[in-house]
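Visitor: Here the working numbering = 1-based position in the sequence shown + 782. Glycine included, each C-beta is placed from N, C-alpha and C at the ideal position. Remember, predicted model here, so these are calculated numbers, not experimental data. The structure under discussion is supplied below as structure tokens; questions concerning it will follow.
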Amino acid sequence: MELLGHFVGFRHWLQGNFKTHHPLFPGAIAAAISITMGLGGAWQPLERLGYGVLFNLRPELRWHPRITVIAIDGKSLQDYGQFPWSRDRYVELLNALNTSSPAAIGFDILFLDPSPEDESLARAIQANGKTILASAGPEEEPLPVLKDAAAAIGHIIHEPDSDGISRQGTVWFNGIPTLSLALLQVSENQNPERLLNQIPPQAIVKPYPEVDFQNVWINWPGSIQEVPTYSFVDVVEGRVPPEAFDNQLVLVGFVATGIDRKISPLQPITGVYIHAAILDNGLEGRFLKRLSPVITGLILIGISLSMSWVWSDRGLMRFGWAQLQIGAALGFPLAWFALALAAFTWGNWWIPVVAPIGTMLLAGIIVQLRDRYEKQQLMQLFAKQISPEMARLVWDRRDEIFDQGDLPPQELIATVLFMDIRSFTTISETLPPRELLSWLNDYLDAMSECIMEHGGVIDKYIGDAIMAVFGLPFPRQTPEEIQADARNAIAACLAMDARLKDLNQRMKAEGKPLIQVGMGIHTGPLIAGSVGGKQRANYSAIGDTVNVAARVEPLNKEIVAHNLYHLLITEETYNYVCDRYLGVQVTELHLRGKQQETIIYSILGERTPEDSPNPSI
783 MELLGHFVGF
793 RHWLQGNFKT
803 HHPLFPGAIA
813 AAISITMGLG
823 GAWQPLERLG
833 YGVLFNLRPE
843 LRWHPRITVI
853 AIDGKSLQDY
863 GQFPWSRDRY
873 VELLNALNTS
883 SPAAIGFDIL
893 FLDPSPEDES
903 LARAIQANGK
913 TILASAGPEE
923 EPLPVLKDAA
933 AAIGHIIHEP
943 DSDGISRQGT
953 VWFNGIPTLS
963 LALLQVSENQ
973 NPERLLNQIP
983 PQAIVKPYPE
993 VDFQNVWINW
1003 PGSIQEVPTY
1013 SFVDVVEGRV
1023 PPEAFDNQLV
1033 LVGFVATGID
1043 RKISPLQPIT
1053 GVYIHAAILD
1063 NGLEGRFLKR
1073 LSPVITGLIL
1083 IGISLSMSWV
1093 WSDRGLMRFG
1103 WAQLQIGAAL
1113 GFPLAWFALA
1123 LAAFTWGNWW
1133 IPVVAPIGTM
1143 LLAGIIVQLR
1153 DRYEKQQLMQ
1163 LFAKQISPEM
1173 ARLVWDRRDE
1183 IFDQGDLPPQ
1193 ELIATVLFMD
1203 IRSFTTISET
1213 LPPRELLSWL
1223 NDYLDAMSEC
1233 IMEHGGVIDK
1243 YIGDAIMAVF
1253 GLPFPRQTPE
1263 EIQADARNAI
1273 AACLAMDARL
1283 KDLNQRMKAE
1293 GKPLIQVGMG
1303 IHTGPLIAGS
1313 VGGKQRANYS
1323 AIGDTVNVAA
1333 RVEPLNKEIV
1343 AHNLYHLLIT
1353 EETYNYVCDR
1363 YLGVQVTELH
1373 LRGKQQETII
1383 YSILGERTPE
1393 DSPNPSI
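Quick look at the structure:
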């Protein structure tokens, strides 16, 4: 709705400059809004919901019959004891499988620590000749004696989406295929890169272009209960017929409750079934495909322009039939959803559902509202959706908005602060979720108060991390104003340090983990632009200054001496605050793309009259 407010203002401007308006004009605005929302990620949460609906409405796919799982389940843990087990257990498993003829065996288990049984396991692996071992990255590979014996190595790295659902699988990481791809490599005696090239390009996601890292969209088959799954202990003790594994691609992994838990769009699972799903997609050639952003954008443009005409006084509106208009409002979205479901079911295409339907509705809304609002209504809408300061800024720069249809970016100089909790991952594993959230919110609330009390703006929370900017939303015009922002940032950090001591006393009394933070600050040029969803718009800062501040903060892990406040700042910031705060140079940071080292200072506290003279800014 905030971006809709931009259109309302644009409409008033347009009417003041043109005598007539084109019926497709609202569609052009709707397309621009929808594409902007897509680029900003506003559609993504809703598209994820649509993704889940498509999976649940589509008839279940049958798992490929050659996939078999050997489960480290509750029964096996009860018989063999707590994990990790002796390597002899895996020797027994491989010996049992040698009575059959599996095409390949992949262990979704890491063998990182030495064991007295390593030599015997290596011999069993070598004797089998079709065993693939797991890696979790360059620093978490199998022991050399086991790695040398294995037929191949496959990584088991997996990162679910932010909502916890596993929609993608990492098929390639730093030259290492995923475990499932390695199974195909061994069973079909093919080069893994050749197998990778057989995946349709529309199914491949490369989230980090600078890294040798590729994901695929997983086309989840039916329930995991349909995958032949045998208990580890039953296989070892001969209670499973050997022919059950003939020519099978066998995955060995955890199925026990509470271990390696993941979530698919259909049900809770364990990690071994992610490898099974990727393996199924590779065997069946049915990885999920997506449209390119360009094609998606063209579809949104076509839909919005078409709907703009349909809803205009040259389209359905000229008939004035309420039933026809209501039928169109329901029929067009339902028709698109039916098309998306058909493409998903029979073509393995995940085409956008929510964005096109939302664009249809948006185009209709804009057509209906384009003549109804005046200037004051625009301001009232802004006042309800965003802060008064932002509303005033938007109004002051309305001519630029009307020229561009959105709040344009600003180039300014500001001070950026990054901070996060040390060892947060370890702490999060020791607290129940409810207690962890309460503990984290107490910390974020206290730190945020200090930041805002000193004129900072909370840009975003990133888990336990805080990004704040001193110098938004209005650009500073003088060096004195920029200096004041830098001073306020340091003052906020010292205030947070004091507040954290009080908070830790309370945490200690309540038996909760104590909090230690690291803070990094940099001052420099950045770009602040509008980041908006349907409910609210705010500024967000981007640019090299933000990146430098983010790089400075982690140095607190290494720099302990002369770092009383766990606060590191760049020389650029120190030059602004050195007249008020005492600091010492602690290190230099080399940043990619910069010829000179970035000098890092630690703040020791406020200056006293006895301290040395201050360098000038």
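In the DSSP output, what is residue 1192 paired with across the bridge?
Guide: DSSP lists 1310 as partners of residue 1192.
Visitor: Identify, in the order they occur along the chain, each residue of the same chain with its Cβ nearer than 6 Å to the Cβ of residue 1159, setting aside the five sequence neighbours on each side.
Guide: The pLDDT assigned to residue 1159 is 43, lower than 50, so where the model puts this residue is not dependable; a value taken from the coordinates is nonetheless given after this. Cβ within range, chain order: n/a, list empty.
Visitor: Would you kindly report the start and end of the unbroken beta strand (DSSP E) that includes residue 1070?
Guide: That residue, residue 1070, is in no beta strand (DSSP E); it is neither H nor E in DSSP.
Visitor: Please work out which residues of its chain come closer than 6 Å, Cβ to Cβ, to residue 1271, disregarding the five sequence neighbours upstream and downstream, and give them in chain order.
Guide: If we look at residue 1271 and ignore the five residues flanking it on each side, its Cβ neighbours are 1197, 1199, 1252, 1303.
Visitor: What whole-angstrom Cβ distance do residue 1034 and residue 1209 have, given they're in contact under 8 Å?
Guide: Contact flag wrong, Cβ pair sits at about 32 Å.
Visitor: Shortest alpha-carbon distance to residue 1235 belongs to which of 865, 1250, 1351?
Guide: When each option's Cα is compared against that of residue 1235, the closest is 1250.
Visitor: Taking just the CA atoms, how far does residue 1040 sit from residue 845?
Guide: Cα-Cα distance, rounded: 24 Å.
Visitor: Could you check if residue 890 is buried or exposed, using at least 16 other CB atoms within 10 Å of its CB as the buried criterion?
Guide: Buried, since its Cβ has 16 or more Cβ neighbours within 10 Å.
Visitor: Scan the segment 961 to 1017 and note each continuous beta strand (DSSP E) run of 3 residues or more that stays entirely inside, going in chain order.
Guide: The qualifying runs are 995 to 999, 1011 to 1013.
Visitor: When you compare the CB positions of residue 1274 and residue 1202, do they come within less than 8 Å of one another, or not?
Guide: No, the Cβ-Cβ distance between residue 1274 and residue 1202 is not below 8 Å.
Visitor: Assuming residue 1086 contacts residue 1141 (C-beta within less than 8 Å), just tell me the rounded distance between them.
Guide: Confirmed, about 5 Å.
Visitor: Rounding to the nearest angstrom, what Cα-Cα distance links residue 937 and residue 1146 in this structure?
Guide: Approximately 49 Å between the Cα atoms of the pair.
Visitor: Taking the alpha helix (DSSP H) that residue 901 falls in, what are its first and last residues?
Guide: Looking at the DSSP string, the run of the alpha helix (DSSP H) that includes residue 901 is 900 to 910.
Visitor: Unbroken alpha helix (DSSP H) runs of length 4 or more, entirely within the segment 847 to 893: which are they?
Guide: Runs found: 856 to 862, 869 to 879.
Visitor: Identify, in the order they occur along the chain, each residue of the same chain with its Cβ nearer than 8 Å to the Cβ of residue 999, setting aside the five sequence neighbours on each side.
Guide: These residues qualify, in order along the chain: 949, 950, 985, 987, 1069, 1070, 1071, 1072, 1132.
Visitor: Count the other CB atoms, across all protein chains shown, that sit within 10 Å of the CB of residue 1180; report buried if there are 16 or more and exposed otherwise.
Guide: In this prediction, residue 1180 scores a pLDDT of 48, lower than 50, which makes its location untrustworthy; the coordinate-derived value is nonetheless stated afterwards. Its Cβ being crowded by 16 or more others within 10 Å, residue 1180 is buried.
Visitor: Flag this pair as touching only if the segment 806 to 818 and the segment 1074 to 1085 have three or more C-beta atom pairs under 8 Å; answer yes or no.
Guide: Yes: at least three Cβ pairs fall under 8 Å.
Visitor: Do three or more CB pairs link the segment 824 to 841 to the segment 852 to 871 at distances below 8 Å?
Guide: Judged by Cβ distances under 8 Å, the segment 824 to 841 makes no contact with the segment 852 to 871, as fewer than three pairs qualify.
Visitor: Mapping the DSSP letters down to three states, classify residue 1158 as helix, strand or coil.
Guide: With a pLDDT of 48 at residue 1158, under the threshold of 50, the modelled position of that residue is not reliable, and the figure given next carries that caveat. Of the three classes helix, strand and coil, the one that applies to residue 1158 here is helix, per DSSP.
Visitor: Helix or strand or just coil, what does DSSP make of residue 1220?
Guide: Helix.
Visitor: Could you tell me whether the segment 954 to 971 touches the segment 910 to 917, using the rule of 3 or more Cβ pairs below 8 Å?
Guide: Result yes; three or more Cβ-Cβ pairs closer than 8 Å.
Visitor: Just how far apart, CA to CA, sit residue 1148 and residue 808?
Guide: Cα-Cα distance, rounded: 6 Å.
Visitor: Could you give the distance in angstroms between the alpha-carbon of residue 830 and the alpha-carbon of residue 1062?
Guide: Rounded to whole angstroms, residue 830 to residue 1062 spans 22 Å at the Cα level.
Visitor: In this structure, does DSSP put residue 938 in helix, strand or coil?
Guide: Residue state, collapsed to three classes: coil.
Visitor: Thinking just about the alpha-carbon of each residue, which of 1301, 859, 1135 is nearest to the one in residue 826?
Guide: Taking only the C-alpha atoms, the option nearest residue 826 is 1135.
Visitor: For residue 1005, I'd like the list of residues in its chain whose CB is within less than 8 Å of its CB, leaving aside the five on either flank, ordered along the chain.
Guide: Excluding positions up to five away in sequence, the list reads 842, 1048, 1049.
Visitor: For residue 1130, does the count of other Cβ atoms within 10 angstroms reach 16, so buried, or fall short, so exposed?
Guide: Its Cβ being crowded by 16 or more others within 10 Å, residue 1130 is buried.
Visitor: Going by beta carbon distance, what residues of the same chain come within less than 6 Å of residue 1324, once the five residues before and after it are set aside?
Guide: Closer than 6 Å at the Cβ level, and outside the excluded window around residue 1324, lie 1309.
Visitor: Taking only the alpha-carbon atoms, compute the straight-line gap between residue 1010 and residue 849 and give it to the nearest angstrom.
Guide: Looking at the two C-alpha atoms, the distance is approximately 7 Å.
Visitor: If you follow the alpha helix (DSSP H) that residue 1210 is in, where does it begin and where does it stop?
Guide: Residue 1210 -> alpha helix (DSSP H) spans 1206 to 1212.
Visitor: Could you name the residues of the same chain whose beta carbon sits closer than 8 Å to that of residue 1301, not counting the 5 residues immediately before and after it, in chain order?
Guide: So the list reads 1199, 1200, 1201, 1275, 1278, 1335, 1338, 1347, 1348, 1349, 1350, once near-sequence residues are dropped.
Visitor: How about residue 1381: is its C-beta nearer than 8 Å to some C-beta of chain C?
Guide: Protein chain content of the structure displayed is limited to a single chain, and chain C is not contained in it.
Visitor: Which class does residue 1253 belong to by DSSP, given the choice of helix, strand or coil?
Guide: Coil, per DSSP.
Visitor: Alpha carbons only, please: which of 1192, 894, 996 is nearest the one belonging to residue 941?
Guide: For residue 941, the nearest C-alpha among the options comes from 996.
Visitor: Starting from residue 809 and walking both ways along the beta strand (DSSP E), at which residues does that stretch end?
Guide: Looking at the DSSP string, residue 809 is not in any beta strand (DSSP E); the run it does join, the alpha helix (DSSP H), is 807 to 821.
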